[in-house]
Structure formats: C-alpha cells, structure tokens
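Below is one structure; the comments refer to it alone.
Number of protein chains: 2
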Amino acid sequence: MQLDNRKKEVLHAIVDDYVSTNEPVGSKSLIERHSFNVSSATLRNDMAELEHLGLIEKPHTSAGRIPSDKGYREYVNSLMTIEELTPKEQLEIEKRINTSVDEVTELIKNATHTLSETTGFVSLAMSPRLKKSFLKQLKILMIEPGKALVVMVLSAGVVKDKVVRIPNFLNDEQIMKISGAIEKSLTGKPLDEITLVTVETAGKSTDVPEPLLKQVLYEAYAAIKQADELNIYLEGEHRMLSLPDFSSLGRARDLLGTLSDSGMVAGYVNEMENAARELGSDDSYMIRIGQEITLDGLDDCSFITATYNLTDSVSGNIGVIGPKRMLYSKVISQIDFVKKKLNEEMKKFT
Amino acid sequence: MQLDNRKKEVLHAIVDDYVSTNEPVGSKSLIERHSFNVSSATLRNDMAELEHLGLIEKPHTSAGRIPSDKGYREYVNSLMTIEELTPKEQLEIEKRINTSVDEVTELIKNATHTLSETTGFVSLAMSPRLKKSFLKQLKILMIEPGKALVVMVLSAGVVKDKVVRIPNFLNDEQIMKISGAIEKSLTGKPLDEITLVTVETAGKSTDVPEPLLKQVLYEAYAAIKQADELNIYLEGEHRMLSLPDFSSLGRARDLLGTLSDSGMVAGYVNEMENAARELGSDDSYMIRIGQEITLDGLDDCSFITATYNLTDSVSGNIGVIGPKRMLYSKVISQIDFVKKKLNEEMKKFT
DNA sequence: ATTAGCACTCTATCCTCCCGAGTGCCAACA
DNA sequence: TGTTGGCACTCGGGAGGATAGAGTGCTAAT
Chain A
876 MQLDNRKKEV LHAIVDDYVS TNEPVGSKSL IERHSFNVSS ATLRNDMAEL
926 EHLGLIEKPH TSAGRIPSDK GYREYVNSLM TIEELTPKEQ LEIEKRINTS
976 VDEVTELIKN ATHTLSETTG FVSLAMSPRL KKSFLKQLKI LMIEPGKALV
1026 VMVLSAGVVK DKVVRIPNFL NDEQIMKISG AIEKSLTGKP LDEITLVTVE
1076 TAGKSTDVPE PLLKQVLYEA YAAIKQADEL NIYLEGEHRM LSLPDFSSLG
1126 RARDLLGTLS DSGMVAGYVN EMENAARELG SDDSYMIRIG QEITLDGLDD
1176 CSFITATYNL TDSVSGNIGV IGPKRMLYSK VISQIDFVKK KLNEEMKKFT
Chain B
876 MQLDNRKKEV LHAIVDDYVS TNEPVGSKSL IERHSFNVSS ATLRNDMAEL
926 EHLGLIEKPH TSAGRIPSDK GYREYVNSLM TIEELTPKEQ LEIEKRINTS
976 VDEVTELIKN ATHTLSETTG FVSLAMSPRL KKSFLKQLKI LMIEPGKALV
1026 VMVLSAGVVK DKVVRIPNFL NDEQIMKISG AIEKSLTGKP LDEITLVTVE
1076 TAGKSTDVPE PLLKQVLYEA YAAIKQADEL NIYLEGEHRM LSLPDFSSLG
1126 RARDLLGTLS DSGMVAGYVN EMENAARELG SDDSYMIRIG QEITLDGLDD
1176 CSFITATYNL TDSVSGNIGV IGPKRMLYSK VISQIDFVKK KLNEEMKKFT
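Here it is, written out as structure tokens:
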C-alpha cells in the first residue's frame, strides 16, 4: 500500500476517532481533534483518495467516513503501535488468573473468563491440541460388571478419562491384564500415532479370549481417540448486546446465533490456526477483520487469537471476538498478556 | 378466586388470544374469535371486573387487555388443560434423546438440548443431587510425584474424579494403602454423611506417617465433597432474541446478562426445588411466572421445571425459561415428556 | 499542492395530524 | 339484575412535511 505520510496519519486518525466516537468522521472534526497543519479541504482531498483506495467509505453521500475492512487491516498491519498495559492493568489480570487450580482445564477457563472481563467482549479458548502429547499412563478400572473407566495420564500433565462398556463376564484380573498390556506398549507414544491396530497388537500378549479382548481394546482405543478431541470455551456472549455496534436486534441475533454453535466456532478457530501455520506466520497473534471472517453474522466483528503453549509440542488458542470497531492496540496487548500469564501458569502443570 | 363460568372463559380466551397474537385483546376481537353468546358490551363489563381483580391489565387507557402475572397464574392453576403431545412430536423428542451415550451427564445434556430445540426457549438442567447417593468405589491413582487422581464410583452409576496434590515423597504403595482404607470404611455411606472426621478416622488404620497421611486424607475428602457439587446446563439463550417479547434491546440484555451467571440461576433453581419440597407439592412440575421470579431481568419470563429421577433418592431438575406469554399447556407437556424419557433412559445407567 | 468558498445532499429529528381500535358509561330493555 | 346498543372520549402509532446541521465535491485563486 503506497501512502504518503499524511494520508497514513489521516487514516490513523479516522480509525481512532471512529473507534472512540462511533460516528462517521468528517474532515472538519478531524481538524478539530488532531493537529494537522493543513485545511479541511486538503484533508477532504486525502479522504477522497483513501476512499478511492477502498480504505474508508461513506455510509451515505453527506456523511463522514468510516474505515472499511481493508482500512482496519491497513491500520492493524502498519499503522498502530501496540502499547504495553499499565502495571495496574497487568496486576488486575494476574490476580484473576492466579487463583490456584488443580487442573489445566480450570486454568484455561479462568483465563478465558479474565479475558472476557477485561476486554468486555466475547472471549474464547480452545483446549490444548493433545495429538502430539504422549501417553504416560493408562489404567482401566472396573466400575461394575459391564462397565469400566479408562483413565489416561498424558505427557502434558493432562488427565482424561472415559466410561466405557465392556463385556459383562470379564473379571477384574482380566481387565488388569489388558490394561497393563496396553499401557506397557503404548506408553511414550504420541496420541496421533496410536491407531486401532496399535492397540490391538498391544493386547495380543494377554491370554484373554479373543472376542472379549477385542471389544475392550476397541473401547480403549475409542477412549484414547476421545482424549484428543478439541473443546472450546466461549464466554461473555451477552456482552455483545451492550455494544452500540449490535444495537440492531437483527445483527445481535445473527451474531449470538452463530456463537451458540460452539462446534462451528471451534472449527473456524482451527482453520485460522492451520492457515497461520501454513503461512509460517511468526506473529504472536492472528487477526481476522469483518468479512474476512467466514462465519455468518460476524461481518461487524473482529476475531483475534493468540497461541498458548502447554508444552513445546502441545498448544491451543485463546482470544476474543469483538466489534471490528475496537481499540486494537489495547485488546491485542490484553490478549498477549493473558497468554503470557497463561503460559507461565501452565509451566506449573507440566 | 371466585369467578363465574363466563368470566373464566373470558380470561381463558384473553390469555389464549394474547399468547397467539402478542396484541392486547379487546372486547370486540374477543367476540369475533370466540363464540360467546353475548355482546361486546357485556364482555367489557366482565373485563372491567377481571381487571378489578388484578387478573388482566391495560398497557394504556385505550388499548385492549393483557393478562397480568396473577392472570397467568390463575390460567395455569385452574383454567388450562394440558394436552398430550401428538405421536409425531413424541417421536421427534424420543429420537433426539435416544442417541446412545456412555455417561449420565451426556444424557442430561442431550435432554437439555432437545428441550431447547422443541420449545424454542432457553432450557436448563441441574446435575443430579448426589448427596444421597453412596460411595461404591474410591481409588486413588498416582499420576506423578506430588499428584494423584481420586476416582469415585457412586451408587447412582455416576463416576467422578479429581486431580489432587499430594506430598511428593509418598510412594505408590502408601497411596494404595490409604486408598484401600478409605474405600473399605466409606463404601456404602451416603455422601452427605461423609465428613472430614469420617475420612480421617478411616485413614487411621494405615501405617503411613501422620503429616503425610493427613494431607492425602484432606484431599480425598475435598474430592468427595466436590463430587456432589451441583452443575447447571443452560442452553439456547440466543433464542430469546427471536421472540417479540424481547425485541427491546434493554430487556434482552438484562435477561441474557442474568442468564450468563449460571451459578445464580442454579441457586435459584435450588430455591424453587426446596420451596416445592417444603410445601410438599405433589405437582409433577414447578412454575414461576413473571415477578414471582426473583432474578433480575426475568420479569417477562416464566420458569418451568420438572424433577427427573436418577434413582429413588437421587434427582435433579430440568426445564425451560421462556416468555411468560407462552403456550403453557404445550410447553408443560413437552417438559413432562422429556422428563419421562429422561427417566426411562436413566434406568439404563443404574 | 493547498486553500477558501459555495452549492448541494442526505439523515435525523421534531411537529402535527389523523385513523382506528378500544374504553367507560349511560339509558333502555328483558 | 344482567344484558345491550349507543356514544363521547382516549391514546398510540404511522404518515407527511419542514428544518437543521454536518459533510461532501468542485472550482477558482494562491
């Protein structure tokens, strides 16, 4: 994007003003609020140019300008400067996240909650992608005839379990044997390398009769597969209703309707993550603005996520969905700080 | 409430019409839609009477009448007749609930989801109240030095677990001893009879040194206490935005704001449950209308819940929050049917 | 390249007017 | 005593119209 300095400043100013006032900004008010050493007529020329480039647009002929998606994009990519949070703000976030919890999941939920409260927007987090973590323990406990609990401890310090159905006449001892065999041969294997065949091979060493054995192995396999399924935590949807950007009931309904399908949102976050990886992006955050988001009803939103790390190979995402008319520099630094604290806390679990 | 037959019919008709049209209903349109064999002037007299009794009210002088909370209450208590669902509707619900799941929790979530979809309102369920269930198994598994997993199997077929911190130098064998001792002496005890003292007494029989022992016992106790904590599942909040009753953004915001605090809603459901028990109510459902609900922002809502039973002594609630302008007879029978199916499915887990 | 000036545009707001559905009340009636 | 037709009155909501004000694009001068 070829923009001379003043045009950059004008775009910057338009975004800033529009974000803070929620009113289309005109050449005159631009002069009033900022110290451009030129006349409003000059700015009008610049603005016409910026409009021509598709960076700003007019809601209607005789109104001021508002940034277009492309304008926000330019702002985010090249114009804004991210400022650190004040010590006070940092403290506030630290206090909320540091509540002692026993499980990583709780920690992530905490962070999500904190993020929604500090930004005032919808926050979300994905559970850690556990495909690359490996099995440290696997135990099958008899619960009652026909029912057992598969407990798995993963390298990332995560514990998963699943109730499974097993043949009625299997006894404690047989289950222990199977459990031991699986654990022995799968310990240390990354989850994404464990297949049904791997599990069945592992079970062969036991003397449990074939058909019974097979069912248990299958259930154990299913439990392992379920362990790396992704969850999403969404919070603060109702906050969107307080924003002037969604004061039209129709927009608000579409937005919350889409957000209510958490599976769909999770899928989209995954897509973003994968796209970023393919591009080899080294940004510490990902951002999608307005129409760039392919989810229904999020045209007026921006979607910002960062990646947290539970271990070197196990990570997840945390971020917010807010109006695209947001204070990007602030929100990004909030997300970034929450992520940083989250990473620090996570070290305690691994 | 002393009402002659025609006045009852008038109130009935007003509620019906208002529910279906969302317009204040006047004497004239009442005559048109129903076969009262009297003139509109007569109905006007009746309506004045009903208003005097506080059963209906006018939004403003020259408008028709709408039912007051008291009017809905009278309608629900004495006027409406609950009709069975059609076989088709029943089938639809059965189909959705019958998806095979391995855990009671999943089943409850399913039912909640179904209820929100069939009613089009917010649905909710409380997790089973497990205070009266008893411990069938308790195992403590070492995860890694300093960390263990307490797994509990309860009489209601529910499995609960919790990661706890334990002293670093405790070894597998010691944990097994403690685990065995607790299990041996607490098996068969209802959760609400287990206290810290009970657990500590149980642990005394082991030869594990005092201070180490004590911490593990405390953590085990905490895990047991956490097992009977209540959860609430809320779903379909966004559906409220599609209802004309919440077309004012302010109302919608207040409503969703309150619903976002699920702990508060859970507390309220508990209150309702306790109140119903104290009254020895034998209704199969509980209902609160408008201002009867003490939660902020629910003035225009009705809250209907039924009680499901996991076992004789373990139960929970399931129900909906909808606009008070709802088809009560229909919604109640939907809840009732979902509850019935839920009870049937639950039998398979116990 | 910048600026002052000007005619033009469009929305948002406020007023006013008026329709119509609905009411309460009264007098007459069975 | 309960029911009815008639009538004057009320009030919200929608339609129409005028106006202010912020903003624009264009032109001609600097």
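So the sequences go chain by chain: A and B. Start counting the first sequence at 876; every next residue gets the next number (the working numbering). Start counting the second sequence at 876; every next residue gets the next number (the working numbering). We put the beta carbon where it would ideally sit given N, CA and C, even for glycine.
In DSSP terms, what residue i is bridged to
| i | result |
| --- | --- |
| Met-1161(B) | Thr-1180(B) |
| Phe-1044(B) | Answer is none; Phe-1044(B) lacks a bridge partner. |
| Pro-1198(A) | Cys-1176(A) |
| Asp-1036(B) | Val-1026(B) |
| Pro-942(B) | Ile-931(B) |
| Met-900(B) | Before going on, a small fix: residue 900(B) reads as Val here, not Met. The partner list for Val-900(B) (beta bridge, DSSP) reads Arg-940(B). |
Burial state of residue i, where buried means 16 or more other Cβ atoms lie within 10 Å
| i | result |
| --- | --- |
| Gln-1209(B) | buried |
| Val-1206(B) | buried |
| Gly-1194(B) | buried |
| His-1244(A) | Outside the shown range of chain A (876 to 1225) lies residue 1244(A), about which nothing can therefore be said. |
| Leu-990(A) | buried |
| Asp-892(A) | buried |
| Ala-1023(A) | buried |
| Phe-1121(B) | buried |
| Asn-880(B) | exposed |
| Gly-1125(A) | exposed |
| Ser-1008(B) | buried |
| Lys-882(A) | buried |
Option in the options with minimal Cα separation from residue i
| i | options | result |
| --- | --- | --- |
| Thr-1288(B) | Leu-1202(B), Lys-1216(B), Leu-1130(B) and Lys-1222(B) | This structure gives no information on residue 1288(B), because the portion of chain B shown stretches from 876 to 1225. |
| Lys-1214(A) | Ile-968(A), Ser-1135(A) and Ile-1041(A) | Ile-968(A) |
| Gln-1049(A) | Lys-1022(A), Leu-1029(A), Thr-1081(A) and Thr-1070(A) | Thr-1081(A) |
| Gln-965(B) | Glu-932(B), Lys-1216(B) and Glu-1220(B) | Lys-1216(B) |
| Arg-997(A) | Lys-1223(B), Leu-1118(B) and Ser-1135(B) | It is worth fixing the name first, because residue 997(A) is Val in this sequence and not Arg. The shortest Cα separation from Val-997(A) among Lys-1223(B), Leu-1118(B) and Ser-1135(B) belongs to Ser-1135(B). |
| Arg-1200(A) | Asp-1174(A), Lys-1222(A), Phe-1224(A) and Ala-1181(A) | Asp-1174(A) |
| Ser-904(A) | Glu-924(A), Ser-1188(A), Glu-926(A) and Ala-938(A) | Ala-938(A) |
| Leu-1066(B) | Asn-1192(B), Glu-926(B), Lys-1006(B) and Ser-953(B) | Lys-1006(B) |
| Val-1074(B) | Val-1033(B), Asp-1120(B), Leu-1013(B) and Phe-911(B) | Leu-1013(B) |
| Ile-983(B) | Ala-1023(B), Thr-956(B), Val-1033(B) and Pro-934(B) | Val-1033(B) |
| Leu-1116(A) | Leu-1109(A), Thr-1076(A) and Gly-1197(A) | Gly-1197(A) |
| Thr-936(A) | Val-900(A), Ala-1127(A) and Lys-1035(A) | Val-900(A) |
| Asp-1129(B) | His-1113(A), Ala-1097(A), Met-1017(A) and Tyr-1160(A) | His-1113(A) |
| His-887(B) | Pro-934(B), Ser-943(B) and Lys-970(B) | Ser-943(B) |
| Thr-1062(A) | Met-1027(A), Glu-1085(A), Ile-931(A) and Leu-1071(A) | Met-1027(A) |
| Ile-1179(B) | Ile-1162(B), Leu-1170(B) and Gly-1172(B) | Ile-1162(B) |
| Thr-994(B) | Met-1051(B), Gly-1125(B), Gly-1111(B) and Ala-1141(B) | Gly-1111(B) |
| Tyr-1183(A) | Ser-1030(A), Ser-1177(A) and Glu-1148(A) | Glu-1148(A) |
| Ser-1137(B) | Lys-1079(B), Asn-952(B), Leu-1170(B) and Gly-1155(B) | Leu-1170(B) |
Coil, strand or helix - residue i by DSSP
| i | result |
| --- | --- |
| Gln-1012(B) | strand |
| Asn-1192(A) | strand |
| Ala-1031(B) | coil |
| Glu-907(A) | helix |
| Leu-1109(B) | strand |
| Glu-1019(A) | strand |
| Arg-1004(A) | coil |
| Leu-982(A) | helix |
| Glu-1085(B) | helix |
| Leu-928(A) | coil |
| Leu-999(A) | strand |
| Ser-895(B) | helix |
| Gly-1132(B) | helix |
| Phe-1212(B) | helix |
| Met-1147(A) | helix |
| Leu-1092(A) | helix |
| Val-1140(A) | helix |
| Met-922(A) | helix |
| Ser-1117(A) | helix |
| Asn-973(A) | coil |
| Ser-1122(B) | coil |
| Asn-912(B) | coil |
| Lys-1223(A) | coil |
Any non-hydrogen atom of the ligand HEM closer than 7 Å to residue i Cβ
| i | result |
| --- | --- |
| Asn-1192(A) | No copy of the ligand HEM appears in this structure; indeed no ligand is present at all. |
*Can you list the alpha helix (DSSP H) stretches of 4 or more residues lying completely in the stretch 1052–1078 of chain B, in chain order?*
The alpha helix (DSSP H) runs of length 4 or more contained entirely in the stretch 1052–1078 of chain B are, from start to end of the chain, 1071–1078.
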